[in-house]
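Residue numbers (this note's numbering), protein chains in the order written: chain L, 67 to 280; chain U, 269 to 420; chain C, 232 to 870.
Idealized CB from N, CA, C, for every residue including glycine.
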Amino acid sequence: MKEELVTLKIDDKEVKAKKGMTILEAAKEAGIEIPTLCYHEKLAPYGACRICSVEVIRDGRTQIVASCGYPIEERLEVKTRSPGIDKIRKTIIELIAPSLSDEGLVGKVRELADEYGADTSRFISRFRATPTRCILCGQCVRYCSEVIGIHVIGFVGRGVERRVVFFPQRAQFCPTCQECFYLCPTGKIAAETAGDTFPGFSIDDYLSGKMLIK
Amino acid sequence: MVGVSGLVDKVVDGYQRDKDMLIQILLELQRGFGWLPEEALNEVSRQLGVPLTRVYQIATFYKAFSLTPKGRHLIRVCVGTACQVRGAPLIRDRVQHLIGVEPGETTPDMRFTFETVNCLGCCAMGPVMTVDNDYHGHLSIPDVEKVIGVYK
Amino acid sequence: MPRINSPSELEKLREEIKGKRDPNKPCITLCSGTACQASDSESVSQAFERELKRQGLEGEIDLRRTGCHGFCERGPLVVIYPEEICYTKVKPEDALEIVQSVREKKVVDCLLYTDPVTGARIKREPKIPFYENQRRIVFGPNRWIDPKNIEDYLFLGGYRALSKALFEMSPEQVLEEIKKANLRGRGGGGFPAGRKWEETKKTAREPKYVIVNCDEGDPGAYMDRSLMEGNPHSVLEGLIIGAYAIGSHEGFVYVRQEYPLAVENLEIALKQAEEYGFLGENILGSEFSFRVKIHRGAGAFVSGESSALMNAIEGRLGEPRMKYIHTAVSGIKDRPSCLNNVETWATVPLIINKGAEWFNSIGTDKSKGTKIFSLVGKVNNTGLVEVPMGMTLRQIIYDIGGGIAKGKKFKGVQTGGPSGGIIPEQYLDTPVDFDELTKLGSIMGSGGMVVMDENTCMVDTARYFINFCCEESCGKCIPCREGLRLLREILNDICEGKGKENDIELIEDIAETMRDASLCALGTTAANPVLTTLKYFGDEYETHIKEKRCPAKFCKNLIDYWIDSEKCQACMICLRNCPTEAIQGGKNLLHWIVQEKCIKCGICYEVCPPRFGAVVKLSGEPVPPPPAPGTEVVRKEGG
Numbered sequence: 067m068k069e070e071l072v073t074l075k076i077d078d079k080e081v082k083a084k085k086g087m088t089i090l091e092a093a094k095e096a097g098i099e100i101p102t103l104c105y106h107e108k109l110a111p112y113g114a115c116r117i118c119s120v121e122v123i124r125d126g127r128t129q130i131v132a133s134c135g136y137p138i139e140e141r142l143e144v145k146t147r148s149p150g151i152d153k154i155r156k157t158i159i160e161l162i163a164p165s166l167s168d169e170g171l172v173g174k175v176r177e178l179a180d181e182y183g184a185d186t187s188r189f190i191s192r193f194r195a196t197p198t199r200c201i202l203c204g205q206c207v208r209y210c211s212e213v214i215g216i217h218v219i220g221f222v223g224r225g226v227e228r229r230v231v232f233f234p235q236r237a238q239f240c241p242t243c244q245e246c247f248y249l250c251p252t253g254k255i256a257a258e259t260a261g262d263t264f265p266g267f268s269i270d271d272y273l274s275g276k277m278l279i280k
Numbered sequence: 269m270v271g272v273s274g275l276v277d278k279v280v281d282g283y284q285r286d287k288d289m290l291i292q293i294l295l296e297l298q299r300g301f302g303w304l305p306e307e308a309l310n311e312v313s314r315q316l317g318v319p320l321t322r323v324y325q326i327a328t329f330y331k332a333f334s335l336t337p338k339g340r341h342l343i344r345v346c347v348g349t350a351c352q353v354r355g356a357p358l359i360r361d362r363v364q365h366l367i368g369v370e371p372g373e374t375t376p377d378m379r380f381t382f383e384t385v386n387c388l389g390c391c392a393m394g395p396v397m398t399v400d401n402d403y404h405g406h407l408s409i410p411d412v413e414k415v416i417g418v419y420k
Numbered sequence: 232m233p234r235i236n237s238p239s240e241l242e243k244l245r246e247e248i249k250g251k252r253d254p255n256k257p258c259i260t261l262c263s264g265t266a267c268q269a270s271d272s273e274s275v276s277q278a279f280e281r282e283l284k285r286q287g288l289e290g291e292i293d294l295r296r297t298g299c300h301g302f303c304e305r306g307p308l309v310v311i312y313p314e315e316i317c318y319t320k321v322k323p324e325d326a327l328e329i330v331q332s333v334r335e336k337k338v339v340d341c342l343l344y345t346d347p348v349t350g351a352r353i354k355r356e357p358k359i360p361f362y363e364n365q366r367r368i369v370f371g372p373n374r375w376i377d378p379k380n381i382e383d384y385l386f387l388g389g390y391r392a393l394s395k396a397l398f399e400m401s402p403e404q405v406l407e408e409i410k411k412a413n414l415r416g417r418g419g420g421g422f423p424a425g426r427k428w429e430e431t432k433k434t435a436r437e438p439k440y441v442i443v444n445c446d447e448g449d450p451g452a453y454m455d456r457s458l459m460e461g462n463p464h465s466v467l468e469g470l471i472i473g474a475y476a477i478g479s480h481e482g483f484v485y486v487r488q489e490y491p492l493a494v495e496n497l498e499i500a501l502k503q504a505e506e507y508g509f510l511g512e513n514i515l516g517s518e519f520s521f522r523v524k525i526h527r528g529a530g531a532f533v534s535g536e537s538s539a540l541m542n543a544i545e546g547r548l549g550e551p552r553m554k555y556i557h558t559a560v561s562g563i564k565d566r567p568s569c570l571n572n573v574e575t576w577a578t579v580p581l582i583i584n585k586g587a588e589w590f591n592s593i594g595t596d597k598s599k600g601t602k603i604f605s606l607v608g609k610v611n612n613t614g615l616v617e618v619p620m621g622m623t624l625r626q627i628i629y630d631i632g633g634g635i636a637k638g639k640k641f642k643g644v645q646t647g648g649p650s651g652g653i654i655p656e657q658y659l660d661t662p663v664d665f666d667e668l669t670k671l672g673s674i675m676g677s678g679g680m681v682v683m684d685e686n687t688c689m690v691d692t693a694r695y696f697i698n699f700c701c702e703e704s705c706g707k708c709i710p711c712r713e714g715l716r717l718l719r720e721i722l723n724d725i726c727e728g729k730g731k732e733n734d735i736e737l738i739e740d741i742a743e744t745m746r747d748a749s750l751c752a753l754g755t756t757a758a759n760p761v762l763t764t765l766k767y768f769g770d771e772y773e774t775h776i777k778e779k780r781c782p783a784k785f786c787k788n789l790i791d792y793w794i795d796s797e798k799c800q801a802c803m804i805c806l807r808n809c810p811t812e813a814i815q816g817g818k819n820l821l822h823w824i825v826q827e828k829c830i831k832c833g834i835c836y837e838v839c840p841p842r843f844g845a846v847v848k849l850s851g852e853p854v855p856p857p858p859a860p861g862t863e864v865v866r867k868e869g870g
């Protein structure tokens, strides 16, 4: 099967990559790292964090797109950094910071905050919910369903009431698996899970209203 | 409980056990039970062969579904833009003041479930409120108490 | 009813139907759209039925329950044919008189529409200014059709376009005609339908799907509802023609859960269409087969977004996904899927029947045809109106809408729902089409047009839309979910008098991030109402933040209710109606409000007799001290 190659430019560097790849994948192959929070190479691109946003220039028009989902095109011009892109990444970190409190501002999130000069306390005074330490990136949910296939973890609710919950009735294999522990960008799952119990964020906790108290 | 699994079986069958119809199936069960009991959700997952996580994801996402029983009467105050400019917020506040619960809640005595809704499509009558299937339009704030008093 | 198996059989049936209908036979038509039903048009219907029976006139006078006529402000509406006499605000007790008038070929004057300026009574429906200034090519037939009877649709020429498409045109020719017509999507996006159809057709994957989006979610917009309830066959015919052009054999109609009558009438229409041979295998005896499934929504605005809707049709959560690959290429189950709005599909048969050139003769350069708007809010003639693209806001609001209700002053018109903005007075002469309103920072959107007057607070309106989007956001992506959460808090604060100096800057930054980085159009456009109100009504924000004052006297935390001692006539009405017993005073003694007990419910303001008008709303000024207890009222002459 002949594989079609596409030529594009990423940060002024000419890149040749297989047709069907996303900008993120092509960039990675060419040694250009675009930051992400919700992306995982084993999972279908999700597009929730928007950290991987880049500028694409086509026919003179500039558009901001999520590089994890945008398929590469012939003669596409991509900028992975710019004042606009940097401001987006900075603001996204500022937007999620109040949900995280100090324990959650770790790892990649902390790195991004530093790299982009985010003022993590900027929106604290206007955030009137209880910090969840969860950015709803969905890696745990999607990994458990797409890769492991056991569906122990799921999303519930909508909008600002959206939560990640565990279903204890399906958690028999969790003690031996624990793969979601390492995926979580804020370290919540590892920190708040004791063996095979999930204090505070089981489906029953959600239905009782405990997880939605301000 | 035989009743629940039996009804779920009937409804799922009615849709040819088609996984694509999950939301339609849940809508029919919501209509049948008046709410979605935990057992019904487990049964749908089991009988239709869809992950329980997805069933809950859908059941908790949509306004049409209730995971707790509903009251005898459903009060819906329209807060669509047209009613909004005609004073719907004051109508909503009045109902809240009278029955003591917020939109989305049911009174402890199970008399009323109170909801706000984004447009009933009768903007000429705004502000509008429905109680069960009755429409009450051109509402003024003093009217509200009389209107809901009728529904025991 | 045997299936129709050829175009000639269809025309033969049509002639038969026409033959059975005497054009001079009187017919009483009753609008039975949801809005009129809410005004109890059903009781009026039943009164007519009883009256016709009682007078033994069932064979001589027809009674037809039709779809929405659009003049919702004046419902229940009754139109008598063949004279087209239009009666408004009809009550069950009027049935007797109306039936008698039909029998005697007279007119019931007091039920006619009265022109508010000239005082003249207008007899014929087309002459009523509300209708006269419209061009009802898509919506008009509603008034002649009982949606539960396919033969009404056939009588008017229904399914002739389908017959022409299947037997006189190739799929490619149908596609070309739609492309030539420059039909743009009526759901809000305005994307050229022909291009979408073509992309779906050209993608080499099977099966292909076509979808009707009837998830109409903009609050205050109910055009699709009335079309689907009142003339489901027009939508269906358009869908089948589109399916033929594209090469699809399976279609879906996604209807909002809040529209039970639309679902009911659609189900009846599908059943009848199948019986008659317009749906199913070998339509009208052709080689083309097509079937339709109905999916109901479950109460989520975001599920009306095309990719979200397709997820829901797959039985998965109806939240959006990245659409860099168009759904026309990869949609339902990764197959080419063409989604269009109800009004878009309903326009298709017209284009096939009358031609693209005819369609292009209506409208503006880049926006062809007509558009149905829901004209609501503080306007005299609330209802659904259909006008050619390019008619100005002023013409729509004043010539058709009859101007601002209760003699108030126009302040702004909100267009495009939660993705749109509020346009102020200086732009009233802007033509309405896909592009002109966008230049002002709003959008035409799906057609919602909410008129606002001097008592509407623009900051609260922005807050209202942000709150709406915040509740409806699916919560998947960070900019939309967290951005709306914060915007809601900031706007709530401003409306409660807790606004801060740098709030405008915060709002603008958050709005920019939402616009640039959100996953779907809900997020990217949710900040538009805030941004346009900041642009055109920025001073109101300043006033709320700096002076803690609401110029429109709406924001509860920023207003006080006060009884003007000079106007109070101690009638006791407000005192008796106050739910918290906050009003002091008594018979012949001046009333005053104990501010600490006042919950700002507004009842006293509403019940104070207009000839006194003693209850006043204050904002940004101190409440004058109450009168000394026991102060007697000074009786006014004639008071």
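The residue among 243(L), 96(L), 94(L) and 103(L) with its C-alpha nearest the C-alpha of residue 172(L) is 103(L).
Taking CB atoms only, residue 328(U) has a neighbour in chain L less than 7 Å away. In the structure shown, residue 445(C) adopts extended strand secondary structure according to DSSP, grouped into three states. In this structure, residue 411(C) places its C-beta atom within 7 Å of the C-beta atom of residue 587(C).
Our two residues, residue 740(C) and residue 770(C), have alpha carbons roughly 19 Å apart in a direct line. DSSP, reduced to helix, strand and coil, places residue 206(L) within a helical segment of the structure shown. In this chain, the beta strand (DSSP E) harbouring residue 522(C) covers 522-527.
With respect to residue 220(L), residue 325(U) sits close: the two C-beta atoms are nearer than 7 Å. According to the DSSP secondary-structure assignment, residue 249(L) is paired through a beta bridge with no residue.
Secondary structure of residue 649(C) (DSSP, three-state): helix. Within the segment 310-326 of chain U, the residues whose Cβ lies closer than 8 Å to some Cβ of chain L are 319, 320, 321, 322, 324 and 325, listed in chain order. In the DSSP assignment, residue 317(C) falls within the beta strand (DSSP E) that extends over 316-318. Leaving aside the five residues that flank residue 762(C) on each side, the residues in its chain whose CB is nearer than 6 Å to its CB run, in chain order, 742.
The beta-bridge partner set that DSSP reports for residue 143(L) consists of 75(L) and 123(L). With fewer than 16 neighbouring CB atoms inside 10 Å of its own CB, residue 128(L) falls in the exposed class. DSSP places residue 538(C) in the helix class (H, G or I) of the three-state scheme.
For the set 401(U), 378(U), 346(U) and 294(U), the Cα lying nearest the Cα of residue 393(U) is the one of 346(U).
Boundaries of the alpha helix (DSSP H) around residue 463(C): 463-477. For residue 343(U), DSSP records a beta bridge to 382(U) and 399(U).
Looking at 262(C), 866(C), 275(C) and 564(C), the one whose alpha-carbon comes closest to that of residue 545(C) is 564(C).
Following the DSSP letters along the chain, one finds residue 769(C) inside the alpha helix (DSSP H) bounded by residues 759-773.
Considering only 293(U), 288(U), 282(U) and 308(U), the residue with the shortest C-alpha distance to residue 273(U) is 308(U). Distance from the Cα of residue 284(C) is smallest, within the candidate group 327(C), 751(C), 681(C) and 272(C), for 327(C).
Not one beta carbon of chain C lies nearer than 7 Å to the beta carbon of residue 240(L). When the beta-carbon positions are compared, residue 452(C) and residue 575(C) stay at least 7 Å from each other. Against chain U, the CB of residue 488(C) has a partner CB under 7 Å away; the residue lies at that interface. For residue 744(C), a Cβ of chain L is located within less than 7 Å of the residue's own Cβ.
For a cut-off of 8 Å, the C-beta gap from residue 162(L) to residue 460(C) is around 44 Å, too long to register as a contact. Scanning the segment 370-418 of chain C from its first residue to its last, the whole alpha helix (DSSP H) runs of 4-plus residues come out as 381-386, 391-399 and 402-411. At a cut-off of 7 Å between beta-carbon atoms, residue 713(C) makes contact with chain L. The contact set of residue 209(L) on chain C, defined by CB atoms closer than 9 Å, is empty, because the minimum CB distance reaches about 16 Å.
Partner residues in the beta bridge of residue 683(C), as assigned by DSSP, are 643(C). 605, 607, 608, 609, 613 and 614: these are the residues of the segment 605-620 of chain C whose beta carbon lies less than 8 Å from some beta carbon of chain U, given in chain order. Taken in chain order, the complete alpha helix (DSSP H) segments of 4 residues or longer contained in the segment 481-512 of chain C are 491-507.
DSSP, read as helix, strand or coil, puts residue 274(L) in coil.
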